[in-house]
Every structure is written in C-alpha cells, then in structure tokens.
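What follows is a short report on a single structure.
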Amino acid sequence: MNMTFTEEQQMLQSSVRKFFEKEVPIGLVRKLQTPDSSGHSEELWKKLSDGGWLSIAIPEKYNGAGGTLFDLGIVYEESGKVLLPTTYYSTLLASFLIEEIGTEEQKAKYLSAIAFGKIISTIAYMEPQAIHNTNCYQTVARKVKDRYYLTGTKSFVQNAHLANPLIVIARTEDEQANEGLTAFLVNPAKDGVEIKQHSTFGKDRQSLVTFTEVELEQDEVLGEPEQALEGLEAAIKKATALQTMEMVGGMKKVVQRTVEYVSQRKQFGVPIGSFQAVQHHLADLATYRDGSELAAYQAVSNLAEGLAADREVSIAKAYASESYKTITVMAHQLWGGMGYATESDLFLWSNRAKATELSFGTRDDHLTQIMKWITSNQAKKQKTKMEVTYSI
Numbered sequence: 015m016n017m018t019f020t021e022e023q024q025m026l027q028s029s030v031r032k033f034f035e036k037e038v039p040i041g042l043v044r045k046l047q048t049p050d051s052s053g054h055s056e057e058l059w060k061k062l063s064d065g066g067w068l069s070i071a072i073p074e075k076y077n078g079a080g081g082t083l084f085d086l087g088i089v090y091e092e093s094g095k096v097l098l099p100t101t102y103y104s105t106l107l108a109s110f111l112i113e114e115i116g117t118e119e120q121k122a123k124y125l126s127a128i129a130f131g132k133i134i135s136t137i138a139y140m141e142p143q144a145i146h147n148t149n150c151y152q153t154v155a156r157k158v159k160d161r162y163y164l165t166g167t168k169s170f171v172q173n174a175h176l177a178n179p180l181i182v183i184a185r186t187e188d189e190q191a192n193e194g195l196t197a198f199l200v201n202p203a204k205d206g207v208e209i210k211q212h213s214t215f216g217k218d219r220q221s222l223v224t225f226t227e228v229e230l231e232q233d234e235v236l237g238e239p240e241q242a243l244e245g246l247e248a249a250i251k252k253a254t255a256l257q258t259m260e261m262v263g264g265m266k267k268v269v270q271r272t273v274e275y276v277s278q279r280k281q282f283g284v285p286i287g288s289f290q291a292v293q294h295h296l297a298d299l300a301t302y303r304d305g306s307e308l309a310a311y312q313a314v315s316n317l318a319e320g321l322a323a324d325r326e327v328s329i330a331k332a333y334a335s336e337s338y339k340t341i342t343v344m345a346h347q348l349w350g351g352m353g354y355a356t357e358s359d360l361f362l363w364s365n366r367a368k369a370t371e372l373s374f375g376t377r378d379d380h381l382t383q384i385m386k387w388i389t390s391n392q393a394k395k396q397k398t399k400m401e402v403t404y405s406i
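Numbering of the sequence shown is given in my numbering, commencing with residue 15 and proceeding in unit increments.
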C-alpha cells in the first residue's frame with residue numbers, strides 16, 4: 015500500500031474538499047436531519063452531479079470519469095468530514111451492483127443516469143430476521159409464465175422513500191428448481207409496495223419496505239436470474255471499505271475541532287490543551303484516527319487493485335467502528351458541558367459514528383469474520399503441511 019497520493023489524487027482531494035466545505039455547510043446538514051425534511055437536497059444533488067462526484071469510479075464508456083475505487087475513497091473521506099447526506103452513498107452502492115451483474119444495456123442505462131445525477135437508487139437486501147445471512151432470506155419472487163410476483167419484507171433500506179429504482183434481492187427458482195438470489199429493478203410506485211420509515215438514532219433515512227405480490231416483468235430482472243449473490247457480496251464489500259474511509263474523514267474532523275477547542279478554552283488562565291491529562295487524551299484520539307486511516311487505506315487499495323480483501327475490509331470496519339465511537343465520546347469529555355450542547359454541532363458526528371458503526375456489519379460481526387478467516391487459513395496450512403510430509 016502506498017500512502018502517498020499521486021499528483022492527480024492530490025488535486026482530486028483538494029478539489030473535493032473545497033467543494034464540500036462550500037456546498038455542504040453544517041446548517042444544511044442540520045436542516046436535512048429535521049423530521050419534516052426528506053433528507054435530500056435537489057440543489058446539492060445537482061451540484062454533486064455537475065462536479066463529477068457521482069461519476070468518479072464509473073467507467074468512461076458509461077459516461078463516468080473512469081477513476082479507481084481508491085479515487086472514490088478520497089471523495090468518501092472528505093464527505094465524512096462534512097457529513098454528506100446519505101443519498102450519495104446509497105446510490106453509489108446501487109451502482110456497484112449494477113456494474114457487477116447488470117447486462118450491457120442495463121449498465122449503459124443506469125450507470126449513465128447515476129453519473130448524470132438523474133436517479134437516486136438503493137439496494138433492499140437486509141431482512142428483519144436475516145440482516146447479514148443471505149442463506150436465510152425469505153423474500154421470494156414466484157415466476158408465473160413470463161412474470162415474477164415479489165413478496166416479502168426488507169429492513170433498513172436506505173433512502174427507499176426517494177429511490178427509483180429500488181434494487182430488491184429476492185429468492186427465485188429456475189425451471190429445474192435450482193434456487194438462487196435474483197436482483198430486481200422495482201419502481202416503488204408499483205401496487206403492493208409499502209414504505210415505512212424507521213426512526214433512527216443517526217437521523218439517516220432508512221425504511222421498512224414490504225412487498226405484496228408485486229408484479230414484475232422479465233426486463234425488470236437485473237442481470238441474470240439466480241445469479242445475484244456474488245455480485246451483491248462484491249458490492250457490499252466495496253461499500254463497506256469505502257464507508258471506513260468516510261468514517262476516517264469524520265474522525266479527522268472531530269479531532270481537528272477538539273484540538274481547536276482545547277487550544278481556545280481556558281481554565282486557571284491557560285488553555286486546557288496545555289494540561290498533561292488533556293494531552294494524553296489527544297494522543298489517544300490521534301492513535302485511533304491514524305490506525306483507522308491505515309486500515310481503511312489498505313482495504314480500499316486492495317480492492318482497487320483487484321486483490322482479495324475480505325480480511326482487510328473486516329479489520330478496517332471493526333477498528334473504525336470502535337475508533338469513531340471512542341473518538342466522539344472522548345471529544346465530548348474534553349469539551350465538557352459544551353460538548354453536550356446541541357449548539358456545538360459535535361453531536362452530529364457522534365450520531366453519524368453510531369450509525370456507521372451499525373451499518374455493513376458491526377465490530378463483532380467483522381471480528382467473527384476475521385476469526386473465520388484465521389481458522390480457515392490455519393486449516394489450509396495444516397493440510398498443506400500434512401500433504402508435504404506424506405509426500406516426503
């Protein structure tokens with residue numbers, strides 16, 4: 015992994031930082047989190063599109079910029095500093111799946127539309143009784159002649175109230191009764207689709223979406239029937255790694271604001287930042303931040319280079335989940351009473367830290383995945399050792 019940006023990446027970072035600082039003020043973030051808001055700004059969405067920030071990693075032949083996943087990670091890191099509305103993330107997650115499994119015609123249509131900011135999309139894949147285990151998904155799409163009938167419930171669907179199409183993952187069977195997961199492009203205005211928004215701690219817009227015998231045509235299948243599993247896993251892996259970059263951006267902003275606060279806040283006639291105990295806390299904050307940055311960069315770099323990154327992504331997400339939460343808690347302590355006043359804005363990053371901790375797998379979920387990887391790797395080494403010994 016190379017921690018040094020290329021000249022082009024430095025320019026990208028500088029440009030996107032200036033854009034976000036100008037176009038995503040904290041006042042807009044607060045406004046979009048109010049109960050009467052949809053959580054989306056059409057004006058900001060158009061500016062994101064015009065600036066090319068939606069098309070960074072979309073291939074050029076689909077009207078994208080043709081950048082790498084790490085280039086997009088740079089944008090995610092800067093977005094985390096300003097708490098960019100989540101319609102950006104959910105739409106790019108959908109674009110990953112479309113690129114993974116979509117037909118050429120579907121890629122040309124939908125990836126181009128995303129690049130130009132013409133659609134907002136999301137993936138409905140988690141279920142109330144099966145958050146991460148695809149083997150337990152109960153949403154089904156029955157095939158009757160040349161049509162499908164979709165029935166089931168999806169939970170924690172980000173921005174479902176704004177998305178069109180909703181990309182829904184359901185269980186289907188082919189003519190030989192071979193079962194698999196299929197992705198469907200669903201218009202939420204169809205009969206039988208019911209969307210009920212969750213009330214979330216992080217004020218992000220997530221919904222419970224119920225499908226009751228929703229009629230779907232053959233051309234509303236994304237890619238090939240029963241072939242969505244690998245593409246879904248690949249898309250989620252990319253989104254998870256990129257989210258750790260977003261979390262790193264949030265950590266950097268919290269640490270920066272905390273250093274500024276303790277440098278200005280005085281007690282006994284001197285800044286509290288001069289106290290040794292406060293400096294110890296700041297050192298801890300920097301350690302959590304820098305460790306998360308290294309792990310996130312490693313995960314996204316591996317994926318960008320086409321390398322296996324299951325372990326790296328889980329390490330990055332597990333560490334970032336704990337670090338972001340810890341950094342915001344320690345920041346509140348250092349800010350004292352002001353840290354708990356809503357006027358200070360610090361709570362906005364605390365809420366985002368909790369929301370990102372829970373999305374795409376918690377710390378415990380990813381620690382379990384790491385342990386499985388270690389156990390599997392040790393078993394392979396032991397098997398190889400036995401085979402070598404036997405051959406000798």
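Ideal Cβ placement from N, Cα and C applies to all residues, glycine included.
- Rounded to the nearest angstrom, the gap between the Cα atoms of residue 59 and residue 251 is 25 Å.
- With a beta-carbon spacing of about 7 Å, residue 337 and residue 303 fall inside the 8 Å limit used to define contacts.
- Residue 151 is not a Cβ neighbour of residue 135, given a cutoff of 9 Å.
- Within the stretch 331 to 368, no run of alpha helix (DSSP H) reaches 4 residues while sitting entirely inside it.
- Boundaries of the alpha helix (DSSP H) around residue 27: 21 to 37.
- Of all alpha-carbon atoms in 190, 149, 139 and 269, the one lying nearest the alpha-carbon of residue 157 is that of 190.
- The closest CA to that of residue 57, considering only 211, 206 and 99, is found on 99.
- Under DSSP, residue 284 shares a beta bridge with 281.
- For residue 104, the enclosing alpha helix (DSSP H) covers residues 101 to 115.
- Beta-bridge pairing by DSSP links residue 181 to 137 and 199.
- As the crow flies, the alpha-carbon of residue 238 is around 34 Å from that of residue 388.
- Cβ-Cβ distances below 7 Å link residue 84 to 314, 315 and 318 in the same chain, with the five nearest sequence neighbours on each side left out; the list follows chain order.
- Note on geometry: alpha-carbon atoms of residue 159 and residue 234 lie some 15 Å from one another.
- Residue range 56 to 64 is occupied by the alpha helix (DSSP H) that includes residue 57.
- Only buried fits residue 263, as 16 or more other CB atoms lie within 10 angstroms of its CB.
- Partner residues in the beta bridge of residue 220, as assigned by DSSP, are 172.
- Excluding the 5 residues flanking it on each side, residue 139 has same chain C-beta neighbours closer than 6 Å at 183, in chain order.
- The beta carbon of residue 77 lies closer than 6 Å to those of 126 and 129 in the same chain, with the five residues before and after it left out.
- Counting along the chain, residue 293 sits inside the alpha helix (DSSP H) bounded by residues 290 to 318.
- For residue 361, the closest alpha carbon among the candidates 21, 18, 44 and 210 is that of 44.
- Membership of residue 208 in the beta strand (DSSP E) is indicated by the continuous run 207 to 211.
- Residue 254 places its beta carbon 9 Å or farther from that of residue 345.
- Rounded to whole angstroms, the Cβ separation of residue 61 and residue 37 is 5 Å, and the two are in contact under 8 Å.
- Counted as a single uninterrupted DSSP element, the stretch harbouring residue 129 is not any beta strand (DSSP E) but the alpha helix (DSSP H) occupying residues 126 to 129.
- An exposed status is given to residue 392, since fewer than 16 other beta-carbon atoms sit within 10 Å of its beta-carbon.
- Between the stretch 222 to 234 and the stretch 101 to 113 there are fewer than three inter-stretch CB-CB distances shorter than 8 Å, so the stretches are not counted as touching.
- Here the C-alpha atom of residue 91 lies approximately 21 Å from the C-alpha atom of residue 297.
- The bridge partners DSSP lists for residue 235 are 198.
- Residue 144 has 141 as its beta-bridge partners, per DSSP.
- Within the same chain, Cβ atoms closer than 6 Å to the Cβ of residue 286 are found at 276, 279 and 292, the five residues on either side in sequence being excluded.
- Just measuring C-alpha positions, the residue of 192, 113, 115 and 147 sitting nearest residue 383 is 147.
- One thing to note: residue 175 has its Cβ no nearer than 9 Å to the Cβ of residue 51.
- Distance check between residue 244 and each of 194, 289, 214 and 133 places 194 closest, using alpha-carbon atoms only.
- Excluding sequence positions up to five before and after residue 204, its CB lies within less than 6 Å of the CB of 228, all in the same chain and listed in chain order.
- Pairing residue 171 with residue 137 gives a Cβ-Cβ distance under 9 Å.
- A contact is defined here as three or more CB-CB pairs under 8 Å, and the stretch 26 to 36 fails this definition with respect to the stretch 205 to 218.
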